[in-house]
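Visitor: Mind having a look at this structure? Questions to follow.
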Amino acid sequence: MSFHGREIVKKELFNEYDLLDTVIVHTPNVEHNAVTPLNLNPQDKNKYLSFDDVLFTERAREEHFGFTQTISQVSNCLEITDMLRDVLSNDNVKDDFMHDLAKNYNQADLVATENNLLISNILSGLFKNTRVNPLPNIMFTRDLGISIGRSIIITWASNKVRNAENIIAKYIFKNHPLFSDYKIYDFHENHPNLALEGGDVILINEKVVAIGVSERTSKKSVESIAPFLYDNGIRNIMCFNMPAERRFMHLDTVFSIISNNEALVFPPFFEEGGSQELNVDVMTLLEDKSISSSSYNASTAFKGVGVDLKFVNCGGDLLIDQEREQWTDGANAFCISPGKIVVYDRNINTLNELERVGYKIINWKDNISKYNFSKKDLQKLAITIESGELSRGRGGPRCMTLPVSRVK
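Count along the sequence shown from 1, then add 3; that gives the number in the working numbering.
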């Protein structure tokens, strides 16, 4: 199977660290040129986009290019707009898609529009006679789906400004040939009054998943997908009870897996006995689909489910550095192979901490093709990408990826 010149080999996904095979991304585009200061005020419920700044789009595109060039060393890197264009080539699918979008847009703006122009208009919110909110958060593809095994959960955002993105993802997952033999679970269709976002869901291994109970994903949402997770092999769901603050909007703002036995963490939430240590409710899924619950602190929860995980401090040892670098996504790394991660270059103290535990720090421009990314290679690498613009949207390397499959 081949899409846009790259051979796609269908594999599965059961964790965050196996060798990456296929991933969905979105390069910053026209939507970011349509963001204005009017979209940055949380008090304006009609115009606020849950996006934190006005980006220099061309520079953001350059930074994102370095990101995708790095990922492409090991993986098929698919643009979400290319995949949408693929599915809209079917007229029946396009008709259904536009009918769904009419809930968010003026139907007259969507009729009889050529596909490339239609996609550009939807992203930017700029139509011939109408201006609506753009979709700058679509660069954070992680939130649009959850891949587990050979299944996909189509998510649904808590903020309605992202629901058009959810509709885009739905039509891709349900109609693109890449997912023709995947089991698709439409969360919104099954639970129309709840929200679930991919940034809160982190696969630890084939039987354990960590989920943030956050300002975006509720405990009820977690309970609602428990049967589906059980059917896909999950036996323990670790519910991390997060503060309802924007800086901690998802679990992956404070925690990300970087190898088979390491995780980057925001230290105040994971320090044993600390005043900010998170509480973790573990849901054990039993054979009769009932749930047994137990509670832990974040420092001991992984041992409680039989996982040996070493914590690496985002921001190093000083609280002020930890807080600053958590804000600029220092705890949000993307693993492309065990011990091979992509991180933002601006988080200097986090990089020093990674170097201290054995990671070689290199820039994506440093001829990275000379390095061995196979699972058998034990050298640990932290590959930095420029981040002056990308980080201003409040999402890191993990946020900007939706992995579909990894090589086990």
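Glycine included, C-beta positions come from ideal geometry on N, C-alpha and C. Note that the structure is predicted; figures quoted are calculated from it, not measured.
The alpha helix (DSSP H) with Ala172 in it runs from where to where?
Guide: Where Ala172 is concerned, the enclosing alpha helix (DSSP H) stretches over Asn166 to Asn178.
Visitor: Where does Trp367 fall in DSSP's three states?
Guide: Looking at Trp367 - three-state DSSP - the assignment turns out to be coil, as it is neither helix nor strand.
Visitor: Check whether the Cβ atoms of Arg153 and Ile122 lie closer than 8 Å to each other.
Guide: No, Cβ-Cβ distance for Arg153 and Ile122 is not below 8 Å.
Visitor: Would you check if the region 341-351 and the region 48-55 touch, i.e. whether three or more CB-CB distances between them fall below 8 Å?
Guide: Taking 8 Å as the limit for Cβ pairs, the verdict is that the region 341-351 does not touch the region 48-55.
Visitor: What is the rounded straight-line gap between the Cα of Ser78 and the Cα of Phe68?
Guide: Taking the straight line joining both Cα atoms gives about 14 Å.
Visitor: Secondary structure at Leu58, three-state DSSP: helix, strand or coil?
Guide: Coil, per DSSP.
Visitor: What is the rounded straight-line gap between the Cα of Pro137 and the Cα of Asn44?
Guide: Looking at the two C-alpha atoms, the distance is approximately 15 Å.
Visitor: Let's test the definition: count the other Cβ atoms within 10 Å of the Cβ of Arg219 and tell me whether it reaches 16, buried, or not, exposed.
Guide: Arg219 comes out buried.
Visitor: Could you check whether Glu392 and Lys313 sit closer than 8 Å to each other, using their CB atoms as the reference points?
Guide: Contact flag unset, no.
Visitor: For the putative contact between Ser340 and Lys378, defined by C-beta atoms under 8 Å, what is the C-beta separation to the nearest angstrom?
Guide: Yes, they are in contact, since the Cβ atoms of Ser340 and Lys378 sit about 6 Å apart, within 8 Å.
Visitor: Pull up the distance between the alpha-carbon of Val310 and that of Asn178, whole angstroms please.
Guide: If you take the alpha carbons of Val310 and Asn178, they lie about 37 Å apart.
Visitor: Where Ile365 and Asn352 are concerned, what is the direct C-alpha to C-alpha distance, given to the nearest angstrom?
Guide: Approximately 15 Å between the Cα atoms of the pair.
Visitor: Determine the closest residue to Ile261 out of Ser408, Ser278, Lys343 and Ser221, with distance taken between C-alpha atoms.
Guide: Nearest C-alpha to Ile261: Lys343.
Visitor: Whole angstroms is fine: what's the gap from Ile175's alpha carbon to Asp112's?
Guide: Taking the straight line joining both Cα atoms gives about 21 Å.
Visitor: Should Thr404 and Val28 be called a contact, given that it needs their Cβ atoms to be closer than 8 Å?
Guide: Yes, the pair counts as a contact, with Cβ atoms nearer than the cut-off.
Visitor: Inspect the beta-carbon positions of Leu206 and Ser227 and report whether they are closer than 8 Å.
Guide: Cβ atoms of Leu206 and Ser227: not closer than 8 Å.
Visitor: Given Arg134, which residues of its chain have a CB within under 7 Å of its CB, disregarding the five upstream and five downstream residues?
Guide: Only Gly128 meet the Cβ criterion.
Visitor: Could you give the first and the last residue of the continuous alpha helix (DSSP H) run that contains Val90?
Guide: Run containing Val90: Ile83 to Leu91, per the alpha helix (DSSP H) assignment.
Visitor: Please state the DSSP three-state secondary structure of Leu322.
Guide: Three-state DSSP puts Leu322 in a helix.
Visitor: Under 8 Å, do Ile149 and Lys173 count as touching if we go by C-beta distance?
Guide: Cβ distance not < 8 Å, so Ile149 and Lys173 don't count as in contact.
Visitor: Should Gln325 be labelled buried (16 or more other beta-carbon atoms within 10 Å of its own) or exposed?
Guide: It counts as buried.
Visitor: Since Leu147 contacts Asn169 with CB under 8 Å, what's their CB separation in whole angstroms?
Guide: Right, the Cβ-Cβ distance comes to about 7 Å (below 8 Å), so this counts as a contact.
Visitor: Find out if the Cβ-Cβ distance for the pair Cys80, Asp255 is shorter than 8 Å.
Guide: Contact: no.
Visitor: Less than 6 Å between C-beta atoms, sequence neighbours within five positions excluded: which residues of the same chain meet that for Asn124?
Guide: Within the same chain, Asn124 has close Cβ partners Phe130.
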